[in-house]
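> Input: one structure, supplied below.
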Amino acid sequence: MKTVLAATTALMTCFSAVSATAAECSNEAWNRVMERGKVIVGVKADYKPWGFRNTDGELVGMEIDMAQDVADAMGVELELVPVQSSNRMQFLEQGKIDLMIATMSDRADRREIVGIVGPNYYTSGTNLLAPKALKLTDWEQLRDKPVCGKQGAFYNQIVEERYGAKIIAFAGNAEAKQALRDKKCIGFVYDDSSIMADLASGDWDEFEMPMKTEDDNPWGLAVPKAERNCVFGRFMSGMQYNWHKDGRLVALEEKWGIQPTTYLADQNERFKDWLSE
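Going by my numbering, the first residue of the sequence shown is number 235, and it counts up by one from there.
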């Protein structure tokens, strides 16, 4: 009898918690999208191949395809709004966009501002842009060698301390990459997603990203913070789960010429249907 009573009490507590959460959910953004028949998604317009403008001025890229998937699943039209790293969270807070998919790293401080939901759809970390002719394959090959970096980037200290590289830091990415072209260093250490964007641009055909990415930081898409645990947040969690399970994100990497990541391969294996084979 005590066991039954304990189980009943636990179940009632669970139901109470769910009811309390449901009561706190106005689902304002979700309802607004459904009523207007259109979801407004904030995306990058300057970060090829995740989000950029093609020759016709249209926004295209991997994250734009993801946004279209969301609109299709919701049964509404899609409107894209270009955002930048400096304003993407503010646009979501202010209601200028309903959803944000814009190459944003998932960090604790950002979860205090917007509703980041998992499982994270992508990741980025530290890597190197280097000439193909050098045939670099291992981080240890950087020891005692000059490596270009951007001032203030945390990658610099890591590569110096871990592998003994001699970092030459420049004020901006453009200066650092020009120094690489001028052979003042053997590589440019930076975020691998930015390096992949350079390689996809067609301006770096003689270069490659030869190292295994280190210190991954997952990316998070976001709904308004108040709807993280409500209909919109749960829906977007399901979207990301299905993207991983079905291999959609792996296919989008290939479509947009992005160097395959171990992260997406691992997530696809983790979430795939074990009865599908």
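Idealized CB from N, CA, C, for every residue including glycine.
Keep in mind the model is a prediction, meaning the values are calculated, not measured.
(1) Can you tell me whether DSSP reads Ala254 as helix, strand or coil?
(2) Return yes when the Cβ of Gly271 is within less than 8 Å of the Cβ of Glu311, no when it is not.
(3) Can you tell me which of the three DSSP states Lys459 falls into?
(4) Determine the burial state of Asn354: buried for a count of at least 16 other Cβ atoms within 10 Å of its Cβ, exposed for fewer.
(5) Grouping DSSP H, G and I as helix and E and B as strand, with all else coil, what is Glu448?
(6) Give the C-beta separation of Asp432 and Thr360 to the nearest angstrom, bearing in mind that I take them to be a contact with Cβ-Cβ under 8 Å.
(7) Where does Ser320 sit, in a helix, a strand or coil, going by DSSP?
(8) CB-CB under 6 Å to Ile402, same chain, minus the five flanking residues each way: which ones, in chain order?
(9) Check each candidate in Val294, Tyr424 and Met308 and name the one with the smallest Cα separation from Phe469.
(10) Quick one: complete beta strand (DSSP E) runs, 3+ long, within the stretch 387-444?
(11) On a Cα-Cα basis, can you pick out the residue from Phe325, Pro444, Arg322 and Cys464 that is closest to Glu206?
(12) Is the number of C-beta pairs between the stretch 490-500 and the stretch 278-295 that are closer than 8 Å three or more?
(13) Please report how far the alpha carbon of Leu483 lies from the alpha carbon of Leu498, in whole angstroms.
(14) Three-state secondary structure (DSSP) at Gln501?
(15) Is the beta carbon of Gly349 less than 8 Å from the beta carbon of Ser471?
(16) Would Pro452 and Asp340 qualify as a contact pair, given that the criterion is a beta-carbon distance under 8 Å?
(17) Check whether the Cβ atoms of Phe505 and His478 sit closer than 8 Å, and answer yes or no.
(18) Who are the Cβ neighbours of Lys278 in its own chain at under 8 Å, not counting the five residues just before and after it?
(19) Hey, out of Tyr424, Lys400 and Ala399, whose CA is closest to Lys411's CA?
Let me spell this out:
(1) Unreliable positioning characterises Ala254 in this predicted model, as indicated by a pLDDT of 41, which lies under 50. A coordinate reading is not provided.
(2) yes
(3) helix
(4) buried
(5) strand
(6) Their Cβ separation, rounded to whole angstroms, is 15 Å, which puts Asp432 and Thr360 out of contact at 8 Å.
(7) coil
(8) Pro380, Cys382 and Cys419
(9) Met308
(10) 400-404 and 422-425
(11) A query on residue 206 cannot be resolved here, the shown segment of the chain reaching from 235 to 511 and no further.
(12) yes
(13) 7 Å
(14) helix
(15) no
(16) yes
(17) yes
(18) Trp284, Gly285, Phe286, Gly295, Glu297, Pro316, Val317, Gln318, Ala336 and Thr337
(19) Tyr424
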